[in-house]
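Remarks on the structure that follows.
Numbering (our numbering), first residue to last: 1 to 118.
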């Protein structure tokens with residue numbers, strides 16, 4: 001995906017025990033009216049904001065579109081800090097047999113570490 005001319009992204013790494021650990025990442029793609037953000041994963045709100053500020057600073061022009069998973073209050077809070085507003089669209093998910101994937105349950109990364117989806 002990163003080989004596409006209309007997409008770019010950033011990763012936030014920390015060094016530990018001689019190696020590196022992924023603390024956050026963001027992917028951005030072009031869309032009709034600007035840029036679509038997501039996914040945006042980060043361990044903390046400040047890491048998510050750092051990735052967003054870097055990304056927004058590198059954009060040329062156009063709108064920013066980001067989707068937030070379900071009731072991810074941290075994701076909404078981060079995007080509101082950037083003065084982004086709700087576009088008037090809600091998404092509802094249905095799961096076959098009611099089996100919600102682990103990552104999208106209340107304790108999963110969908111609600112705790114994913115600040116934007118695409």
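The beta carbon of each residue, even a glycine, is placed where N, CA and C say it ideally should be.
Euclidean distance between Cα positions of residue i and residue j
{"i": "residue 10", "j": "residue 95", "result": "31 Å"}
{"i": "residue 51", "j": "residue 25", "result": "7 Å"}
{"i": "residue 22", "j": "residue 33", "result": "31 Å"}
{"i": "residue 120", "j": "residue 102", "result": "Not covered by the structure: residue 120. The range shown for the chain is 1 to 118."}
{"i": "residue 77", "j": "residue 62", "result": "22 Å"}
{"i": "residue 129", "j": "residue 40", "result": "For the chain, the structure presents residues 1 to 118; residue 129 sits outside this window and is missing."}
{"i": "residue 56", "j": "residue 74", "result": "19 Å"}
{"i": "residue 105", "j": "residue 17", "result": "32 Å"}
{"i": "residue 45", "j": "residue 67", "result": "16 Å"}
{"i": "residue 79", "j": "residue 98", "result": "30 Å"}
{"i": "residue 58", "j": "residue 84", "result": "17 Å"}
{"i": "residue 35", "j": "residue 15", "result": "30 Å"}
{"i": "residue 42", "j": "residue 72", "result": "13 Å"}
{"i": "residue 31", "j": "residue 100", "result": "29 Å"}
{"i": "residue 3", "j": "residue 27", "result": "12 Å"}
{"i": "residue 81", "j": "residue 20", "result": "29 Å"}
Identity of the residues DSSP links to residue i by a beta bridge
{"i": "residue 12", "result": "24"}
{"i": "residue 19", "result": "16"}
{"i": "residue 35", "result": "30 and 64"}
Of the residues the options, the one placed nearest residue i, counting alpha carbons only
{"i": "residue 37", "options": "44, 48 and 43", "result": "48"}
{"i": "residue 54", "options": "12, 99, 19 and 6", "result": "12"}
{"i": "residue 29", "options": "72, 5 and 19", "result": "5"}
Problem set entry | beta strand (DSSP E) runs wholly inside the region 42 to 79, at least 3 long, in chain order | 63 to 66
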